[in-house]
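Asks: Residue numbers (the numbering used here): 974 to 1237.
Just so it is clear, CB atoms sit at the ideal spot from N, CA and C, and this is done for glycine as well.
This structure is a prediction, so every number in the text was calculated from the model and none was measured.
Got a structure for you, questions after.
So, in structure tokens, the structure goes:
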């Protein structure tokens, strides 16, 4: 079937000064602490053209860790989907808007999805965390379908990605702590390539299976292992992180409150 969509430009403009400033600040924090990255699967990152990267979310630094390789290796500037409340913070919210981040209104993300669709149709790279919030258990929460909807509607590759280790520096409920030579694993998987008309729920299920498999492997092969009773290790592996079932239950209740607030 012939598409009526306009062809994307041959070259997306390079990142502007605000994006370069934000990236420099994030990279500087990691460089100062001399984080030791184990990066895998970069051959799955397209050097050009629209695409969606979907990753797990266990820290405030996942975005920097996952976006680091596309930015440094390919000169690509991932457009990040982030919660609306971050855009309301003084200075930081201004910088997020200037860098081209896309705000997501929790409980009603249709506008963000359409914004992201337009971005990837124009040849840009979009980075999204389908869990929608940080998982305090460090295991995957239920996925939203936004990443799959963007990739399906725009007919672009959906690249699964995982990061592991950054939560030891700064995650939900814990203050940042200096993490000298912190080992950080980042993996990119073979893209899911949805066809127009594919069910976003089925695509999301496939995406989650791939990310879960990649995450389990990254955790298993992590340089510092999975020490028992340590707070940053999932409870299912004998670690001290909160029980996943209770975290998932709490998150379901929170999502319900978001929907009620939106509809009310």
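Would you identify the three-state DSSP class for residue 984, choosing helix, strand or coil?
Replies: DSSP places residue 984 in coil when its eight states are reduced to three.
Asks: Keeping to the same chain, check which residues put their C-beta closer than 6 Å to that of residue 1068; ignore five residues upstream and five downstream.
Replies: 995.
Asks: Measure from the alpha carbon of residue 1191 to the alpha carbon of each residue in 1204, 1162, 1202 and 1218, then state which is nearest.
Replies: Cα-wise, what sits closest to residue 1191 is 1162.
Asks: Applying the 10 Å Cβ sphere with the 16-neighbour rule, what's the burial state of residue 938?
Replies: Limits of the chain in this structure are 974 at one end and 1237 at the other, which puts residue 938 out of reach.
Asks: By DSSP, does residue 1191 sit in helix, in strand, or in coil?
Replies: Helix.
Asks: Does DSSP put residue 1012 in a helix, in a strand, or in coil?
Replies: DSSP places residue 1012 in strand when its eight states are reduced to three.
Asks: Based on Cα-Cα distance, which residue from 1125, 1075 and 1184 lies nearest to residue 1166?
Replies: Nearest of 1125, 1075 and 1184 to residue 1166, Cα basis: 1125.
Asks: Where do the ends of the beta strand (DSSP E) carrying residue 935 lie?
Replies: This structure leaves residue 935 out entirely; the chain is present only between 974 and 1237.
Asks: Between which two residues does the beta strand (DSSP E) harbouring residue 1132 extend?
Replies: 1131 to 1137 is the span of the beta strand (DSSP E), which, as asked, contains residue 1132.
Asks: Which same chain residues, not among the five before or five after residue 1164, have their C-beta less than 7 Å away from its C-beta?
Replies: 1017, 1130, 1131 and 1132.
Asks: Check whether the stretch 1023 to 1042 and the stretch 1173 to 1188 are in contact - that is, three or more C-beta pairs closer than 8 Å.
Replies: Segments in contact, yes.
Asks: Quick one: using the 10 Å Cβ neighbour count with 16 as the cut-off for buried, is residue 1048 buried or exposed?
Replies: Looking at its Cβ environment, which holds fewer than 16 other Cβ atoms inside 10 Å, residue 1048 is exposed.
Asks: Give the range of the beta strand (DSSP E) segment to which residue 1056 is assigned.
Replies: Its beta strand (DSSP E) spans residues 1052 to 1056.
Asks: Going by Cα to Cα distance, which pick from 993, 1012 and 1008 is closest to residue 1160?
Replies: Minimum Cα distance to residue 1160 is reached at 1012.
Asks: DSSP three-state call for residue 1206: helix, strand or coil?
Replies: Correct three-state label for residue 1206: coil.
Asks: Have a look at residue 1228 and residue 1109 and give me their C-alpha separation to the nearest angstrom.
Replies: Near 15 Å, if we compare the C-alpha coordinates of residue 1109 and residue 1228.
Asks: Given a cut-off of 8 Å on the beta-carbon distance, is the pair residue 1208 and residue 1200 in contact?
Replies: No, the pair does not count as a contact, with Cβ atoms beyond the cut-off.
Asks: When DSSP builds the beta bridges, which residues end up paired with residue 1100?
Replies: 1026 and 1053, per the DSSP bridge assignment.
Asks: How about residue 1050 and residue 1136: do their beta carbons lie closer than 8 Å?
Replies: Their beta carbons are not under 8 Å apart, which means residue 1050 does not touch residue 1136 by this criterion.
Asks: If we define contact as Cβ-Cβ less than 8 Å, is residue 1144 a contact residue for chain C?
Replies: No chain C appears in this structure, which consists of one protein chain only.
Asks: According to the Cβ coordinates, are residue 1122 and residue 1173 closer than 8 Å?
Replies: The answer is yes: Cβ separation under 8 Å.
Asks: In this structure, how does DSSP classify residue 1184 when only helix, strand and coil are distinguished?
Replies: Note: residue 1184 maps to helix in three-state DSSP.
Asks: Could you tell me whether the Cβ atoms of residue 1144 and residue 1058 are closer together than 8 Å?
Replies: Cβ distance not < 8 Å, so residue 1144 and residue 1058 don't count as in contact.
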